[in-house]
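Okay, so here's the structure we're looking at.
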Amino acid sequence: MKHFSAPLLLAAACTLAPLPVLADLALATARNCMSCHNVDRKVVGPAFKDVATKYRGDKAAPARLATKVMQGGGGVWGVVKMPSNPQVNEAEAKKLVAWILSQ
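Residue numbers (mature numbering (1 follows the signal peptide of the UniProt record, and there is no 0)): -23 to -1, 1 to 80.
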């Protein structure tokens, strides 16, 4: 039986299964989220940590929030409405929401 080193096995696994692109501050910045939001404090919209706290345990929240990221909305955090974000596609919206909810 031939033995392979751990780095070689890891390299082989990475070539067989692509790693998912993870949303992060860079994606949020690139898609203009940070113009109205901050991770730790309210700006125009709520802090991402506050969003994560509000929706913790809500299994329907990720899909609902991804739609809100793309289409905009209002009434949850005050009178200022979140504008639509046509520059964000559905896959990016889901990644952003997953990252926001992980805060």
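In this text, a Cβ means the ideal position worked out from N, Cα and C, and glycines have one as well.
Which residues share a DSSP beta bridge with residue i?
i, result
"G50", "M59"
Quick one, are the C-beta atoms of residue i and residue j less than 8 Å apart?
i, j, result
"K71", "P39", "yes"
"residue 82", "N62", "Not covered by the structure: residue 82. The range shown for the chain is -23 to 80."
"A29", "Q80", "yes"
"R8", "E67", "no"
"Y32", "L78", "yes"
Between residue i and the ligand ATP, is there a pair consisting of the residue's CB and a ligand heavy atom that are separated by less than 7 Å?
i, result
"V53", "The ligand ATP is absent from the structure shown, which contains no ligands of any kind."
Kindly indicate which residue of the options has the alpha-carbon position closest to the one of residue i.
i, options, result
"P60", "D1, T6, C13", "C13"
Original post:
Pairing CB atoms from the segment 21 to 31 with CB atoms from the segment 48 to 65, are three or more of them under 8 Å?
Top reply: yes
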